Amino acid sequence: MPNKVFIATSLDGFIAQADGDIAFLDTYPPQEEDMGYAEFMSGIDALVMGRKTFEKVMSFGIEWPYSKPVFVWTQSLQQLPENLPKNVSLISGNAESIHQKMNDAGLKNIYIDGGQTIQSFLQANLIDEITITTVPVLLGEGIGLFGKIDSMKQFKCCQTQLFKNGYVMNQFVKQ
Ligand SMILES: NC(=O)c1ccc[n+]([C@@H]2O[C@H](COP(=O)([O-])OP(=O)(O)OC[C@H]3O[C@@H](n4cnc5c(N)ncnc54)[C@H](OP(=O)(O)O)[C@@H]3O)[C@@H](O)[C@H]2O)c1
125 MPNKVFIATS
135 LDGFIAQADG
145 DIAFLDTYPP
155 QEEDMGYAEF
165 MSGIDALVMG
175 RKTFEKVMSF
185 GIEWPYSKPV
195 FVWTQSLQQL
205 PENLPKNVSL
215 ISGNAESIHQ
225 KMNDAGLKNI
235 YIDGGQTIQS
245 FLQANLIDEI
255 TITTVPVLLG
265 EGIGLFGKID
275 SMKQFKCCQT
285 QLFKNGYVMN
295 QFVKQ
């Protein structure tokens, strides 16, 4: 039951600026490719999304961009806005219990999204694949993709792709 990360970072490893701004992702907009996003999403059964990432998506004020079920991980939110599709729901508990819930629901390929969320799943040894697209800019500070872990975790690079806009995608699988 693979849990997968698909995320973009700055050269110095940040997923957003300290205030949550992600404008740096569009520094050099891609001309043709979607940089693997559609292909990745086609292999996903559901998303587990951190509450802060969910709030960022909502702040765009656009139509809900996901067709797959989304589980918003939160201990603080009590309810979701009513205009969201029925396959968006809240989930609480820890990484292990969420993983078990996905398993019990027959959801196999899970997209884990949000910095703290990814870190919690990594700490629990529950990340099997990490795809990082590096945006060649330095931010100096911001919200990091990775944080403290108790023990070394080994991955193997299985694919690298350089896009025309200079972004580099590296895909790693758990060893
Ligand atoms: N560069 C990219 O590709 C990319 C992708 C995704 C997100 N982002 C950006 O990253 C930022 C958000 O990331 P983030 O790291 O700040 O937060 P996040 O992981 O999106 O959300 C954190 C929240 O998720 C819940 N959560 C996470 N781990 C938990 C745990 N172990 N136990 C219980 N609840 C847990 C908590 O919600 P409660 O506080 O409600 O309990 C926590 O505050 C946004 O700015 C977003 O735009 C960037």
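Per my numbering, residue 125 is the first one in the sequence shown, and the count goes up by one each step. We put the CB at the ideal spot given by N, CA and C, even for glycine. Note that the structure is predicted; figures quoted are calculated from it, not measured.
*Start-end ranges of the alpha helix (DSSP H) lying completely within the segment 142 to 190, minimum 4 residues*: 161 to 166, 175 to 183
*Any chance the CB of Q295 is under 7 angstroms from a heavy atom of ligand 1?*
no
*Cβ-Cβ distance between Q199 and N289 below 8 angstroms*: no
*Rounded C-alpha distance that separates Q247 from D274*: 7 angstroms
*Indicate whether the contact test is met: 3 or more Cβ pairs, each with one atom in the segment 248 to 256 and one in the segment 205 to 222, closer than 8 angstroms.*
yes
*So E206 is in the beta strand (DSSP E); what residue range does that whole segment cover?*
Premise fails: E206 is in no beta strand (DSSP E) and is neither H nor E.
*Tell whether a beta-carbon distance below 8 angstroms holds between D237 and L171.*
yes
*Any heavy atom of ligand 1 closer than 7 angstroms to the CB of S221?*
no
*asked:* Please return the same chain residues whose Cβ sits closer than 8 angstroms to the Cβ of G268, not counting the five positions on each side in sequence.
replied: G137, F138, I139, G239
*At which residues does the alpha helix (DSSP H) containing Q295 begin and terminate?*
Segment 292 to 298 is the beta strand (DSSP E) holding Q295; no alpha helix (DSSP H) there.
*Sorry if obvious, but does the Cβ on L201 come closer than 7 angstroms to a heavy atom of ligand 1?*
yes
_So, at 6 angstroms on beta carbons, what are the nonlocal neighbours of Q295 in its own chain, with the 5 sequence-adjacent residues on each side left out?_
T255, C282, Q283
_How far does the beta strand (DSSP E) with E253 in it extend, from its first residue to its last?_
253 to 259
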